[in-house]
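In the numbering used here, the protein residues as written are 2 to 518.
Yeah, the Cβ is synthetic: ideal placement off N, Cα and C, and Gly gets one too.
Structure, rendered in structure tokens:
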């Protein structure tokens, strides 16, 4: 399935992934019902819903929690094209999450039962346990096996995969006050209403109730698994307390190091008493070098703008927390553009098979930006890159906002009629306050659309930076643009951009880089 990058944040009637629910099922429970519950909940004080767990479950560590497995034979929707399973409480996951089944003429609860799970040790229960999330399976190409492709677990986090891909980046229902000088707030889905698909249905629908100190929300999700897994999201959010930051479709991913990383990590030889290995970003410690060339779930943020520009921001592992905002964006995506296994050399993690995630807006929530938050990380187990659509002016207390967008989990790229950025390399020279960049551009699939004559690179840096020694070299598949940026004040961050022009017409993505972060 090909991707389509859309026009501005205006109401777009893109082809939906799911057929509308039958009228009788919508009359039992539908989008208006979950929105009404969110509206009523917003008028009440926020009360955290935490489970009363037994000591055995409260004290589970990560390894022991992972050993509790949902038994596929207890999947709900037994005769449907999709199978519904659940996550067990314990470890970090202690919030009370309620589940309901929507049937043709009735609505009923889905209660927790230990019989749904496999335990490799005896566990005592309090008798008040509930599920903490859910997962969805599809039949595998392997006989008798179900493949998990969708997971909702923890706060409002969820993630999906398409056929042939590996688990990777995630997204959330909403982000509140992330990246500010204060605590982040994590809204969570406290209740779900699951509508069973009919035999032969390609998609399924469910509803969710969001809750937190500042907001409540009613959500509808339509999901279709395939070569590209598509999730349509529609929501109405009510504000209890005006947040400083409110983000729609926050994409969360990991970038530890890559081809553009200056100080790649080294594996130090000293081991901690716990048996854990200490990682270091110290460029002078070469005793045990990390053998993998790159480690990341995503390698760049791609954006379309109102003017028709395509912006490419290579991800990096910064030295300090960095926040960047991009205006006039019509759609955005976190991509894993590099699909060459030899660039990762990790057959266990399979970073070359991590999905890209594209956000296609279907409504206009008002003025805002795409906001990229980058956080330093010392390992590959911490998500440190967040990109979402941020309101310029979040609603006041008592207000509400409605929005809709489409998520596409895929290995494909949007069709391009321009040169695209294939790689970025960075070589700093601290002695001269210079940094040498090489940006590699690949031809588009329809290379005949690119005029061959009068091409030139256009590099811009803000003051006091200077552009020096620009070289423009053709390759068999595109162009190499090499240039040096001189920064007389190394403590100052510089915004650098590079694009290929023919006269004044863009022939490539615009490459954007923040130097000295």
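Item: Whose CA, out of 478, 506, 500 and 460, lies closest to the CA of residue 487?; Value: 460
Item: Among 482, 481, 513 and 327, which residue has its Cα nearest to the Cα of residue 496?; Value: 513
Item: Contact between the region 369 to 381 and the region 311 to 318: three or more CB pairs below 8 Å?; Value: yes
Item: In this structure, what does DSSP give as the bridge partners for residue 305?; Value: 311 and 332
Item: Suppose contacts are defined by Cβ-Cβ distances below 8 Å. Is residue 183 in contact with residue 157 by that definition?; Value: no
Item: In three-state DSSP terms, what is residue 107?; Value: coil
Item: Sort 242, 499 and 206 by Cα distance to residue 524 and report the nearest one.; Value: Only positions 2 to 518 of the chain appear in this structure, which leaves residue 524 out of reach.
Item: Might you give, ordered along the chain, the residues of its own chain that have their beta carbon closer than 6 Å to the beta carbon of residue 349, omitting 5 neighbours on each side?; Value: none
Item: Under a three-way DSSP split, which group does residue 343 fall into?; Value: helix
Item: State buried or exposed for residue 160, treating a residue as buried only when at least 16 other CB atoms are found within 10 Å of its CB.; Value: buried
Item: Is there contact between the region 124 to 131 and the region 51 to 58, where contact requires at least three CB pairs shorter than 8 Å?; Value: yes
Item: Count the C-beta pairs between the region 418 to 438 and the region 251 to 258 that are closer than 8 Å, then say yes if the count reaches three, no if not.; Value: no
Item: Within 10 angstroms of its Cβ, does residue 358 collect 16 or more other Cβ (buried), or is it exposed?; Value: buried
Item: Here's the rule: buried if 16 or more other CB atoms are within 10 angstroms of the residue's CB, otherwise exposed. What is residue 119?; Value: exposed
Item: Three or more C-beta pairs closer than 8 Å, one from the region 197 to 213 and one from the region 384 to 404: is that the case here?; Value: no
Item: Which class does residue 503 belong to by DSSP, given the choice of helix, strand or coil?; Value: strand
Item: How many Å lie between residue 507 and residue 81 at the Cα?; Value: 49 Å
Item: DSSP three-state label for residue 76, please.; Value: coil
Item: Closest to residue 401 by C-alpha separation, out of 29, 95, 30 and 42, would be which residue?; Value: 42
Item: Across which residues does DSSP place residue 427 in a beta bridge pair?; Value: 438
Item: With DSSP as the reference, please indicate the residues paired to residue 196 in a beta bridge.; Value: 103 and 206
Item: For the candidate residues 468, 501, 226 and 498, whose alpha-carbon lies nearest to that of residue 141?; Value: 226
Item: By DSSP's criteria, residue 91 is part of a beta bridge. Which residues make up the other side?; Value: 94
Item: In terms of residues, what are the limits of the alpha helix (DSSP H) holding residue 40?; Value: 32 to 43
Item: What first and last residue would you give for the alpha helix (DSSP H) that runs through residue 148?; Value: Careful: residue 148 lies outside any alpha helix (DSSP H), inside the beta strand (DSSP E) at 147 to 154.
Item: Compare the Cα-Cα distances from residue 435 to each of 446, 176, 489 and 122 and report the closest residue.; Value: 489
Item: Let's test the definition: count the other Cβ atoms within 10 Å of the Cβ of residue 165 and tell me whether it reaches 16, buried, or not, exposed.; Value: exposed
Item: Contact defined as beta carbons within less than 8 Å: I believe residue 40 pairs with residue 239. What is the distance between those atoms, to the nearest angstrom?; Value: 6 Å
Item: Are there 16 or more other CB atoms within 10 angstroms of the CB of residue 383, so buried, or fewer, so exposed?; Value: exposed
Item: Is the beta carbon of residue 135 closer than 8 Å to that of residue 113?; Value: no
Item: For residue 464, does the three-state DSSP call read helix, strand or coil?; Value: coil
Item: Check whether the Cβ atoms of residue 247 and residue 100 lie closer than 8 Å to each other.; Value: no
Item: DSSP three-state label for residue 1, please.; Value: Nothing about residue 1 can be reported from this structure: the residues present for the chain run from 2 to 518 only.
Item: Distance check for residue 408 and residue 362, CA to CA, integer angstroms please.; Value: 9 Å
Item: Give every residue of the same chain whose Cβ lies closer than 6 Å to the Cβ of residue 30, excluding the five residues on either side of it in the sequence, and list them in chain order.; Value: 103, 108 and 194
Item: Mind checking which residues open and close the alpha helix (DSSP H) that includes residue 408?; Value: Segment 401 to 411 is the beta strand (DSSP E) holding residue 408; no alpha helix (DSSP H) there.
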